[in-house]
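The structure appears right after this line, and notes come after that.
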Amino acid sequence: MEMKSVIIKKPGNGLSRWMLLSDPLAKKDSGLVLKGHYPQYIFEIVSPNEDPECLKVDFAGATHYVMVRKAINDNGEPPERYLVEMLKWYTQVKAKPTLQEIANQKATKKKLEKKAQNSVLV
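In this note's numbering, the protein residues as written are 24 to 145.
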């Protein structure tokens, strides 16, 4: 996914600490979140996967997976506390898809693949 970003300077209170992002061209199977305060990041909450760039975060008794799509200020990998704070905020604002829906996507995909394989074998 190609992503372009710019730093927005807004007078007054500035940007919110956390903001939901949307990509009209992308599937709605993950959650995009902007950390609006310095250092700024664009995070994507994704379904469980083995990608080495995917960060595992323990939150609310479950493991969630987060990709850093863009480190806007080039500050490298974010500390885990940012990720936990982001997941807490994401839950509080009742964003869709929910963390549970995102986490269940891999299991659902596997079930569909297995069902498709079984129908081919018959």
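The beta carbon of each residue, even a glycine, is placed where N, CA and C say it ideally should be.
Query	Result
P120 and Y64 closer than 7 Å at C-beta	no
Residue burial classification, L110 (beta-carbon count within 10 angstroms, cutoff 16)	buried
Residues near M90 in its chain [Cβ-Cβ closer than 6 Å; skip 5 each side]	E67, V69 and C77
Distance, Y113 Cα to G84 Cα	16 Å
Counterpart residues of L48 in DSSP-defined beta bridges	L48 is not bridged to any residue.
Coarse secondary structure for R104, derived from DSSP in three states	helix
Length of the line joining the Cα atoms of D81 and Q123	13 Å
Spatial distance of P71 from E103 (CA atoms)	17 Å
DSSP-derived helix/strand/coil call for Y64	strand
Three-state secondary structure (DSSP) of L78	strand
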